[in-house]
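J.: Here the sequence shown stands for residues 26 to 357, numbered as in our numbering.
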Amino acid sequence: MSEFKHFQAHPLHPTFAAELKGIDWPNITPETVSEIKAAVDKYGVCVLRDTGLDDEGHVALSRQFGDLDDIRRFIHPGRKMRYAHYELFDASNVDENNELLDLNSARAHANRGNGLFHSDSSYNPRRASYCLLRAAILPPPNTGGATQFADSRAAFASLPEPLKSTLLTEDYVGAHTYAQSRKLGSPEFFAELAPETFSMARHRITQLHEQSGRMTLYVGAHLHHIEGLGAKESDELRDYLKEWLAREEFRVTVEWKQPGDIVIWDNRSTVHRAMGGEFEGKFKRDLRRTTVHDDGLGAWGLNESGEGFPSFNMAEKKLGEVPQAAARIVAA
Ligand code: OGA
Ligand code: MN
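The structure is reproduced here in structure tokens:
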């Protein structure tokens, strides 16, 4: 008997990720969606091919996973929208006039941070549970542009001792900011950006993933430091854990095949990154993403529940106080 009633799950890796085949997209029901959610809780990453969904359908499907985040906090108030839905984050290399983004533009430099393993929204007081990323326009086949995932549950489980026990005993808190990953992604462009001047979101480094009852490692490119440690110790542990999670054995690469493909992941049990390739600077890759607010126990981490989200538009108002390069994040 198949594990699920409304589709078959074909694992893509020994420890996580599956492609769900046989979904009746034109007649999708709430029962199918709740089974998809169960599959994401189990596998961390689920690939849905050729869904036929447009922006409207993508947002409607996403709403069934929870409350959605809104992109207005992240964009320059003057930025022209390419589409009507504020729930869709623009993960494309396309500018506001639908032209290929200039590789030297501020936004292209900011996008480079997405090439490092990260958990979306870990820099927010309320983190993200699921993301649904959909291909709208893809570059030609074999020119790159895949998305790669890493399994935070398997990475935690196989951590060497005594480090694993130390992490459980110390229960460290990580401080996250978007500025950290932007700087790591393009250090020269963001040379004057000082991540330590930004407000940080605080989330535990090791956490129970309620949906599966397994522990996870909650680290990634937005992680700036680990509280309670000296700067050197914090940097060393942060980098060790990030590199551990990025080990080859925990990774799976998802190739995008056609517009309408959707990948759903759980940001609490996986991290991901955009892969580069020959298409860069030559072909459009237009991916759009919805982000679901976490409503689980660890959603707000050690931040005050209901705390305002850091807004990179707000940073603009404080330009006198923040380094000039922060303005580039605002422009991104
Ligand atoms: C994202 C992201 C990866 C990609 O949308 O959150 O990191 O492959 N995208 O574009
Ligand atoms: Mn991302």
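Note that the Cβ used here is the ideal one computed from N, Cα and C, for glycine as well.
Alpha carbon to alpha carbon, what distance is there between residue 133 and residue 116?
T.: Whole-angstrom Cα-Cα distance: 11 Å.
J.: Between residue 171 and residue 288, is the Cβ-Cβ spacing less than 8 Å?
T.: Going by C-beta atoms, residue 171 is not nearer than 8 Å to residue 288.
J.: With C-beta atoms as the reference, is residue 120 less than 8 Å away from residue 313?
T.: Their beta carbons are not under 8 Å apart, which means residue 120 does not touch residue 313 by this criterion.
J.: Extract the residue ranges of the alpha helix (DSSP H) inside the stretch 30-66, only unbroken runs of 4 or more that lie entirely within it.
T.: Runs of the alpha helix (DSSP H) inside the stretch 30-66: none found.
J.: If you drop the 5 nearest sequence neighbours on each side, which residues of the same chain put their C-beta closer than 6 Å to that of residue 76?
T.: Cβ neighbours of residue 76 beyond the five flanking positions: 50, 285, 287.
J.: Rounded to a whole number of angstroms, what is the C-alpha to C-alpha distance between residue 276 and residue 159?
T.: Going from the Cα of residue 276 to the Cα of residue 159 covers about 20 Å.
J.: Compute the beta-carbon to beta-carbon distance between residue 70 and residue 110, rounded to the nearest angstrom, for a pair I have assumed lies under 8 Å.
T.: With 8 Å as the limit, residue 70 and residue 110 do not qualify as a contact, their Cβ atoms being about 23 Å apart.
J.: When you compare only the Cα positions, how much space is there between residue 72 and residue 44?
T.: C-alpha separation (whole angstroms): 5 Å.
J.: Does the ligand MN have a heavy atom nearer than 7 Å to the CB of residue 123?
T.: Because no heavy atom of the ligand MN lies under 7 Å away, the Cβ of residue 123 does not count as near it: no.
J.: Out of 229, 258, 272, 28, point me to the one whose CA is closest to residue 152's CA.
T.: Out of 229, 258, 272, 28, 229 has the C-alpha closest to the C-alpha of residue 152.
J.: With distances taken Cα to Cα, identify the nearest neighbour of residue 227 among 332, 54, 178.
T.: Nearest of 332, 54, 178 to residue 227, Cα basis: 332.
J.: In the DSSP assignment, find the alpha helix (DSSP H) that holds residue 134 and state where it starts and stops.
T.: Its alpha helix (DSSP H) spans residues 131-136.
J.: Please determine, among 322, 239, 200, the residue with the shortest C-alpha to C-alpha distance to residue 220.
T.: Per the Cα distances, 200.
J.: Does the distance between the C-beta of residue 149 and the nearest non-hydrogen atom of the ligand OGA fall short of 7 Å?
T.: The answer is no for residue 149.
J.: Please report how far the alpha carbon of residue 126 lies from the alpha carbon of residue 136, in whole angstroms.
T.: Approximately 11 Å between the Cα atoms of the pair.
J.: DSSP on residue 266, reduced to helix/strand/coil?
T.: Helix, per DSSP.
J.: Please name the residue in 90, 37, 95, 140 whose C-alpha comes closest to that of residue 300.
T.: Here the closest residue by C-alpha is 140.
J.: Going by DSSP, name the residue or residues bridged to residue 276.
T.: Per DSSP, 175.
J.: For my contact list, residue 157 and residue 87 are in at a C-beta cut-off of 8 Å; report their separation, rounded to the angstrom.
T.: Contact holds; Cβ gap of about 5 Å.
J.: To the nearest whole angstrom, what separates the beta carbons of residue 93 and residue 244, a pair I think is in contact under 8 Å?
T.: In fact, because the Cβ distance is near 25 Å, the residues do not count as touching under 8 Å.
J.: How should residue 322 be labelled, buried or exposed, when 16 other C-beta atoms within 10 angstroms of its C-beta is the threshold for buried?
T.: The residue in question, residue 322, is exposed, as its Cβ has fewer than 16 Cβ neighbours within 10 Å.
J.: Residue 215 by DSSP, collapsed to three states: which one?
T.: Coil, per DSSP.
J.: Run the CB neighbour count on residue 166, radius 10 Å, all protein chains shown included, and call it buried at 16 or more, exposed below.
T.: Residue 166 should be labelled exposed.
J.: Looking at C-alpha atoms only, which residue of 41, 203, 47, 42 is the closest neighbour of residue 27?
T.: Closest by alpha carbon: 47.
J.: Rank 319, 251, 122 by C-alpha distance to the C-alpha of residue 195 and give the top, closest one.
T.: With distances taken between Cα atoms, residue 195 lies closest to 251.
J.: Which residues bound the alpha helix (DSSP H) around residue 85?
T.: Taken as a continuous stretch (DSSP letters only), the alpha helix (DSSP H) holding residue 85 covers 80-88.
J.: Report buried or exposed for residue 62, applying the criterion of at least 16 other Cβ atoms within 10 angstroms of its Cβ.
T.: Answer is buried; the Cβ neighbour count reaches 16.
J.: When the Cα atoms are used, what is the spatial distance from residue 173 to residue 67?
T.: Taking the straight line joining both Cα atoms gives about 18 Å.
J.: Is the stretch 258-275 touching the stretch 27-37, taking contact as three or more C-beta pairs under 8 Å?
T.: Not touching, per the Cβ criterion.
J.: Please state whether the Cβ-Cβ distance between residue 150 and residue 328 is less than 8 Å.
T.: Yes, the pair counts as a contact, with Cβ atoms nearer than the cut-off.
J.: With DSSP as the reference, label residue 210 as helix, strand or coil.
T.: Note: residue 210 maps to helix in three-state DSSP.
J.: Compute the Euclidean distance between the alpha carbons of residue 147 and residue 254, then round it to the nearest angstrom.
T.: About 20 Å.
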